[in-house]
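Here's the structure we're looking at; comments come further down.
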Amino acid sequence: MALRGALDREAPDSSVRITEHIETDLPFSPHLASVISLAPAAAARKGSLAVDSEHLLQALLDEEENLILRGLDHLGLTRASIQKTLDLVVPDKAPVDDSDVTYGPAARVILEAAVADAHLAGNSVVNGANLVWALANASTGYAADVLDHLGFFQVTTHQALGLIEVGVGHTNRYAPAGQAAILTELAKITDRLARLEASLPSSCS
């Protein structure tokens with residue numbers, strides 16, 4: 033619903049809804065849908081009436097929960113460094129009402145690139161990694177410049193980026209620290225049972 037609400041805003045010079053121009057049989061992940069819904073507000077704060085690559089990148093930071101951000105953190109592209117560079121590079125204009133912001137051709141091309149990347153990777157959904165790759169290669173806006181300045185292509189590859197989101201999710205679920213804690217507790221329980229069994233009369237064992 034958030035995705036549709038954001039993408040179905042009509043451009044001022046067209047009665048055709050933006051979603052009709054994005055051909056995909058893949059769903060957008062919930063986090064990516066949230067990013068898309070936050071992009072108009074990011075554009076409005078910068079005084080832009082159309083969403084472009086930098087606003088999608090800003091929305092990714094605003095959404096905060098996307099797993100790809102955690103992976104980028106580990107690569108040295110921290111949220112703080114991305115935000116600092118965005119603030120330095122993207123011009124500030126007088127803020128506008130986010131209800132006046134639309135998804136124009138530039139944003140549509142980026143989202144189509146993310147969809148194409150998801151298909152190329154064989155994903156079942158279009159996720160944050162697909163969007164980041166599209167932003168890093170965007171020909172409009174400032175996102176590509178920001179990521180390139182931070183050394184994006186020096187610290188990751190297309191294939192590696194596609195594995196980051198899955199890897200972070202897997203690590204969070206089966207973290208070594210978590211496994212160690214579980215094994216420690218099991219060892220305590222096993223030791224306790226052994227001592228209880230040893231204290232029982234032989235007739236009870």
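For the sequence shown, my numbering assigns the number 33 to the initial residue and increments by one for each residue that follows.
Each residue gets a CB set at the ideal place from its N, CA and C atoms; glycine is no exception.
No experiment lies behind these values; they were computed from the predicted model shown.
Item                                                                                                                                                                                         : Value
Using a Cβ-Cβ cutoff of less than 6 Å, which residues in the same chain neighbour residue 173 once the five nearest sequence positions on both sides are dropped?                            : 84, 85 and 86
What residues match up with residue 134 in a beta bridge as DSSP calls it?                                                                                                                   : 82
Kindly list the residues whose CB is nearer than 8 Å to the CB of residue 110, restricted to its own chain and excluding five residues on each side of it in sequence; keep chain order.     : 104
At the level of alpha carbons, what is the spacing between residue 164 and residue 89?                                                                                                       : 8 Å
What residue range is occupied by the uninterrupted alpha helix (DSSP H) comprising residue 185?                                                                                             : 184 to 187
From residue 136 to residue 167, what distance separates their C-alpha atoms?                                                                                                                : 15 Å
In chain order, which beta strand (DSSP E) runs of at least 3 residues are fully inside the segment 139 to 192?                                                                              : none
Please work out which residues of its chain come closer than 7 Å, Cβ to Cβ, to residue 100, disregarding the five sequence neighbours upstream and downstream, and give them in chain order. : 160, 161, 164, 196 and 197
Compare the Cα-Cα distances from residue 185 to each of 140, 156 and 107 and report the closest residue.                                                                                     : 107
With distances taken from CA atoms, which of 126, 123 and 95 is nearest residue 67?                                                                                                          : 95
Residues in its own chain within less than 7 Å of residue 188 by CB, not counting five upstream and five downstream?                                                                         : 107
Could you name each continuous alpha helix (DSSP H) segment of 4 residues or more that falls completely within the segment 58 to 114, going from the start of the chain to the end?          : 62 to 77, 85 to 95 and 99 to 106
Determine the direct distance from the alpha carbon of residue 193 to that of residue 127, and round the result to whole angstroms.                                                          : 34 Å
Measure the alpha-carbon distance for residue 77 versus residue 124 and round it to whole angstroms.                                                                                         : 8 Å
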